[in-house]
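> Take the sequence shown: its letter number 46 is residue 46 in full-length UniProt numbering, and every next letter is one higher.
The C-beta atom is built at its ideal place from N, Cα and C for all residues, glycine as well.
The structure is given below, and queries will be raised subsequently.
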Amino acid sequence: MQREGLYLVDIVEAARKIASYLEGVSPEVWAADSMRRDAVIWQLSIIGEAVGGISDETRASTPEIPWKLIRGLRNNVVHRYFSVDWKIVHIAATVNVPDLERQVRALLQYAHPDLFRRLEQEESRASADSSDDAHTEPSTSSDLH
């Protein structure tokens, strides 16, 4: 079961990355930015792979999470990459993924409270570090890169 908890953490972390990639980005910018699209597709594939590690028991106990659809999206974006409908991916990334993150966080908190606490601590540390970086002048030329 600990391994399943790690898969849940992977889902939350990938969802957070997707949110950061798309924060303040219009659908038009999204459509024109292949690097951003590739980054989102990669995180969606991580989510889909992690879903593959979720037990049937957990899936059955959380029918509100569309496990099969998530896995199907992963299969489509990985195996049919050149025919992906980017509008659908954008909607999934901006609407469905945040919902999924909330649902998986709740599951993680309930089923794996130790991992949930560690995840929150890491996020808190990362947030504090990025806040410190925003207010700190680079001290060497290597800090500029």
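Less than 8 Å between the beta carbons of Ala50 and Tyr7, yes or no?
In the sequence shown, the residue the question calls residue 50 occupies position 50. In the sequence shown, the residue the question calls residue 7 occupies position 7. Cβ atoms of Ala50 and Tyr7: closer than 8 Å.
> In whole angstroms, what separates the C-alpha of Ser55 from that of Arg71?
Residue numbering aside, residue 55 sits at position 55 when the sequence shown is read from its first letter. Residue numbering aside, residue 71 sits at position 71 when the sequence shown is read from its first letter. Going from the Cα of Ser55 to the Cα of Arg71 covers about 13 Å.
> What first and last residue would you give for the alpha helix (DSSP H) that runs through Pro27?
On the sequence shown, residue 27 is found 27 positions in, with the first residue counted as 1. Run containing Pro27: 27-32, per the alpha helix (DSSP H) assignment.
> Tell me the DSSP secondary structure of Pro66 in three-state form.
Counted from its first residue, the sequence shown places residue 66 at position 66. Coil at Pro66, not helix or strand.
> Note the first and the last residue of the continuous alpha helix (DSSP H) segment covering Ser20.
Translated into positions along the sequence shown, residue 20 becomes position 20. From DSSP, the alpha helix (DSSP H) with Ser20 extends over 2-22.
> State the Cα-Cα distance for the pair Leu115 and Ala32, rounded to the nearest angstrom.
Taking the sequence shown and counting its residues from 1, the one referred to as residue 115 is at position 115. Taking the sequence shown and counting its residues from 1, the one referred to as residue 32 is at position 32. Spanning the two alpha carbons is a distance of roughly 37 Å.
> With a threshold of 6 Å on Cβ separation, who are the neighbours of Tyr21 within its own chain once the five nearest residues in sequence on each side are excluded?
Sequence index remark: in the sequence shown, residue 21 carries index 21 (1-based). Cβ neighbours of Tyr21 beyond the five flanking positions: Arg36, Ala39, Val40.
> Look at the alpha carbon of Arg125 and the alpha carbon of Ile46, and state the distance between them as a whole number of angstroms.
Mapped onto the sequence shown, residue 125 falls at position 125. Mapped onto the sequence shown, residue 46 falls at position 46. If you take the alpha carbons of Arg125 and Ile46, they lie about 23 Å apart.
> DSSP three-state label for Ser131, please.
In the sequence shown, counting from the first residue as 1, residue 131 sits at position 131. Note: Ser131 maps to helix in three-state DSSP.
> Report the CB separation of Ala92 from Leu73 in whole angstroms; it is logged as a contact under 8 Å.
As a working mapping, residue 92 is identified with position 92 in the sequence shown. As a working mapping, residue 73 is identified with position 73 in the sequence shown. At roughly 6 Å, the Cβ-Cβ gap stays under 8 Å, so Ala92 and Leu73 are in contact.
> Quick check: what's the CA-CA separation for Asp85 versus Asn76?
Against the sequence shown, residue 85 aligns to sequence position 85. Against the sequence shown, residue 76 aligns to sequence position 76. Cα-Cα distance, rounded: 10 Å.
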